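In the working numbering, the protein residues as written are -1 to 553. Glycine is no exception: its CB is placed at the ideal position from the N, C-alpha and C atoms. All values derive from a computational prediction rather than experimental measurement. Reading through the structure tokens given below for one structure.
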Amino acid sequence: MRTPLSAAAALLLAATSTSALADTLIDNANGIQVDVHGKLQRFTGLVIGKDGRVVQLLAKGDPRPAALYDARTDANGRTLLPGLIEAHGHVMALGFGALQLDLTGTTSLADLQQRLKAYAAANPQAKWILGRGWNQEHWADKRFPTAADLDAVVADRPVWLGRVDGHAAVANSAALKATGITAQTKAPAGGRIENGLFVDAAMELVESKIPAPDAAAYDAALAKAQELMLANGLTAAADMGTSPADWAAMNRAGQAGTLNVRVLGYAGGIPAMRAVNGGKPSAWLHGDRLHLGGVKLYADGALGSRGAWLKAPYHDKPDTRGLSLISDAELARQTNEAAANGHQLAIHAIGDAANAQVITAFERLSQRFKGDRRWRLEHAQVLDVADLPRLAKAGIIASMQPIHQTSDRTMAEARLGPNRLGGAYAWQTLARSGARLAFGSDFPVESPNPFPGLAAAVSRQDMSGQPPGGWRPHERVSFGQALAGFTRDGAYAGFAEDRIGSLEPGKYADFILVDRDVSRVTPLELGRTQVIETWVAGKKMWSRGPSAGREERGR
Ligand SMILES: [Zn+2]
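Here you go:
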């Protein structure tokens, strides 16, 4: 039932809507973006409408509109870029990981115990304390931690702390009790249990019994992930492997008005696809901040663990070619179902055999499903040189992570040997062939900070400048290409280029202010860029606090 508005309430509503009609002017900026031809475009002002979309882009010397603005922001000459887009991240994993106890860099068992104690005190609501990152090799006595070591600090609830490499973890006695593990429990083949330390296959005994996070934990993780994205200048991310529970959390945030970034969801497999929105792509929801438009599948594993599927044996382990995760027939069945439902396909392929398998699957899909489908090859890390031109021909997007090249360089040389690197991390060759590159970090595998990725893209060097001259430097891309990969082409890869990826009339005013002119600095300086402010739909959502490096949320 409706009740008449009081006069005061009516006035308040009128005042709100009048101010909401006013425009915002961002002036005196060093604006840089990539135009539709791939060239750098410069501008100094931005007029934003009440709907959070760009009304007008102003060049230096353009008359500023005479109207009075609801708000005018002087950028003080700072560099302004379109909000950066992560083309391949894992949003909830970023948040869950960041909320866990971080034990990287612990210098001793006492240091680990101290951090555990502080975390337990700060998180009284956590039913299980989960952490990761310790490395006993960096401790004076190099002794593995035990259940008793943890019990000395936390005895009232289960604790489970992973080693830095993910191949071992230590449980306290409460965790052993909660999971029913006793001195009589036998470790499975490929695993080992010692005084609360679980190695490799034995870890599953505990991990399978850790209770799934509840809705409140999902909400907290999503809030944390958004905070990290905004602080790093990311206003949108393709979420590669959205689960039904992830999707529910994102919708809760959208309904509550706390979804402050844009998430382009890719269902994590066919069952997840079927469980969300009746198997079909969703509409753009919550002010175009949430959309499920595709399905993520896997063709193989990763190069480091020799799970990537290669055409020829591993150079450093000639008895294996890695592992295929899906047969041609099953890949065809799953991709056909997803495509028939109107979904985009995004398929993980690292090794050259996996890449060839997926490219072939996409070529076949293109015969059956006509039109603009934008098949996505996720990682496209190691391709047979002969397969490189097939991407452009089939309209396949190469969704790549420049920072992986710097992390993987020496490992890739060991795994592949000197003669099979021609199609490895082949950004420029793919770009020249006409394939579109979308860039990301694969967070939380790598830091969500896109600037070291931009630096790697233009230099093929890591953040300590290694190797001199860059690794296989002919595969470097220009600054404009790199920026396009993190903006315009990232939007294109998500069918979002009519909404985001560049600042043009009708698109959302998603942008960032940074502390340096990223178009005129060295790669190392580019990688160290700091975000000052992050705006989404014409509203300031994050700004750097007064003390350097401090993060705070704003509206
Ligand atoms: Zn990933």
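#1: Tell me, to the nearest whole angstrom, how far the beta carbon of M539 is from that of N258; I am working on the premise that it is less than 8 Å.
#2: Excluding five sequence neighbours on each side, which residues of the same chain lie with their C-beta closer than 6 Å to the C-beta of R407?
#3: Do you know how far the Cα of K207 is from the Cα of D198?
#4: Which first and last residues belong to the beta strand (DSSP E) in which V261 is found?
#5: Exposed or buried, P2, counting other C-beta atoms within 10 Å across all chains shown (16 or more means buried)?
#6: Can at least three beta-carbon pairs, one atom from the stretch 86 to 99 and one from the stretch 217 to 232, be found at a separation below 8 Å?
#7: From H402, P242 and P122, pick the residue whose C-alpha is nearest to that of I268; which is it?
#8: Count the other CB atoms within 10 Å of the CB of H165; is the residue buried (16 or more) or exposed (fewer)?
#9: Identify the residues that DSSP records as bridge partners of S322: which are they?
#10: Quick check on the burial criterion: 16 or more other C-beta atoms within 10 angstroms. Buried or exposed for N353?
#11: Quick one, which of L511, D460 and L262 has its alpha-carbon nearest E84's?
#12: Should the stretch 413 to 421 be regarded as contacting the stretch 185 to 204, the criterion being three or more beta carbon pairs within less than 8 Å?
#13: Hey, would you say V456 sits closer than 8 Å to F484, going by beta carbons?
#14: Within a Cβ cutoff of 7 Å, which residues of the same chain sit near G239, ignoring the five residues on either side of it in sequence?
#15: Leaving out five residues on either side along the sequence, give the residues of the same chain with a beta carbon under 7 Å from the beta carbon of W158.
#16: Going by DSSP in three states, E502 sits in which element: helix, strand or coil?
#17: Please classify L19 as buried or exposed, where buried requires at least 16 neighbouring CB atoms within 10 angstroms.
#18: Per the contact definition of three or more C-beta pairs closer than 8 Å, is the stretch 266 to 285 in contact with the stretch 104 to 114?
#19: In terms of residue numbering, what span does the alpha helix (DSSP H) encompassing L522 cover?
#20: Could you pull out every residue in the same chain whose Cβ sits closer than 7 Å to the Cβ of D515, ignoring the five residues on either side in sequence?
#21: Give the straight-line distance between the Cα atoms of A13 and Y67, rounded to the nearest whole angstrom.
#22: Where DSSP assigns a beta bridge to D237, which residues make up the other side?
#23: Does the contact criterion of 3 or more C-beta pairs under 8 Å hold for the stretch 336 to 349 versus the stretch 367 to 378?
#24: Of the residues E328, Y506 and T532, which one's Cα is nearest the Cα of L232?
#25: Pick from L23, D21 and L44: whose alpha carbon is nearest that of Q31?
#26: With a threshold of 7 Å (Cβ to nearest heavy atom), would H402 be considered close to ligand 1?
#27: Should F437 and M461 be called a contact, given that it needs their Cβ atoms to be closer than 8 Å?
#28: Please work out which residues of its chain come closer than 8 Å, Cβ to Cβ, to V152, disregarding the five sequence neighbours upstream and downstream, and give them in chain order.
#29: Leaving out five residues before and five after G463 in sequence, what residues of the same chain have Cβ atoms less than 8 Å from its Cβ?
#30: If we call anything under 8 Å between Cβ atoms a contact, is A424 one with L381?
#31: In three-state DSSP terms, what is M227?
#32: How long is the line joining the alpha carbons of G103 and E361, rounded to whole angstroms?
#33: Which partner residues does V293 have in the DSSP bridge list?
#34: Are there three or more Cβ pairs, one per stretch, closer than 8 Å when the stretch 324 to 342 is compared with the stretch 275 to 284?
#35: What does DSSP give as the partner residue(s) for T22 in the beta ladder?
#36: Roughly how many angstroms separate the alpha carbons of Y312 and G188, rounded to a whole number?
Taking the coordinates as given:
#1: In this structure, M539 and N258 form a Cβ contact; the two beta carbons are roughly 5 Å apart against a cut-off of 8 Å.
#2: If we look at R407 and ignore the five residues flanking it on each side, its Cβ neighbours are W469.
#3: Per the coordinates, the alpha-carbon of D198 lies some 16 Å from the alpha-carbon of K207.
#4: Counted as a single uninterrupted DSSP element, the beta strand (DSSP E) harbouring V261 occupies residues R260 to G266.
#5: In this predicted model, P2 has a pLDDT of only 41, less than 50, meaning its place in the structure is not dependable enough to derive any value.
#6: Judged by pairs of C-beta atoms under 8 Å, the stretch 86 to 99 touches the stretch 217 to 232, as three or more such pairs exist.
#7: Nearest C-alpha to I268 among H402, P242 and P122: P242.
#8: A residue is called buried when at least 16 other Cβ atoms come within 10 angstroms of its Cβ; H165 does not meet this threshold and is exposed.
#9: According to DSSP, which records beta bridges pairwise, S322 is partnered with D298.
#10: Looking at its Cβ environment, which holds 16 or more other Cβ atoms inside 10 Å, N353 is buried.
#11: Taking only the C-alpha atoms, the option nearest E84 is L262.
#12: The answer is no - the stretch 185 to 204 does not touch the stretch 413 to 421, with fewer than three Cβ pairs under 8 Å.
#13: Result no, Cβ atoms of V456 and F484 do not sit closer than 8 Å.
#14: H88, Y264, G266 and K294.
#15: Here W158 has W126, L128, A167, A169, A173, V204 and I208 as same chain residues with Cβ atoms under 7 Å from its own Cβ, once five neighbours each way along the sequence are excluded.
#16: Coil at E502, not helix or strand.
#17: The predicted position of L19 is uncertain, since its pLDDT is 45 and thus under 50; a value taken from the coordinates is nonetheless stated next. Residue environment analysis places L19 among the exposed positions, since fewer than 16 neighbouring C-beta atoms fall within 10 angstroms of its C-beta.
#18: Touching, no, given that fewer than three Cβ pairs across the two stretches are closer than 8 Å.
#19: First-last of the alpha helix (DSSP H) with L522: P521 to G525.
#20: By the criterion of a C-beta distance shorter than 7 Å, D515 is surrounded in its chain by N28 and T77, once the five residues flanking it on both sides are discounted.
#21: With a pLDDT of only 36 at A13, under 50, the local geometry of the prediction cannot be trusted, and no value is derived from it.
#22: DSSP links D237 through a beta bridge to G87 and G263.
#23: Counting Cβ pairs under 8 Å, three or more are found: they touch.
#24: The residue with the shortest Cα to Cα distance from L232 is T532.
#25: Distances from the CA of Q31 to each of L23, D21 and L44 were compared; the closest alpha carbon is that of L44.
#26: Flag unset: Cβ of H402 not near ligand 1.
#27: For F437 and M461, no; Cβs fall outside 8 Å.
#28: Closer than 8 Å at the Cβ level, and outside the excluded window around V152, lie L114, K115, A118, I127, N170 and A172.
#29: Within the same chain, Cβ atoms closer than 8 Å to the Cβ of G463 are found at L522, the five residues on either side in sequence being excluded.
#30: Taking 8 Å as the Cβ cut-off, A424 and L381 qualify as a contacting pair.
#31: In this structure, M227 counts as helix in the three-state DSSP scheme.
#32: C-alpha separation (whole angstroms): 47 Å.
#33: Residue pairing from DSSP places V293 in a beta bridge opposite A265 and L343.
#34: At 8 Å Cβ cutoff, the stretches touch.
#35: Bridge pairing for T22: I46 and A69 [DSSP].
#36: Taking the straight line from one Cα to the other gives about 22 Å.
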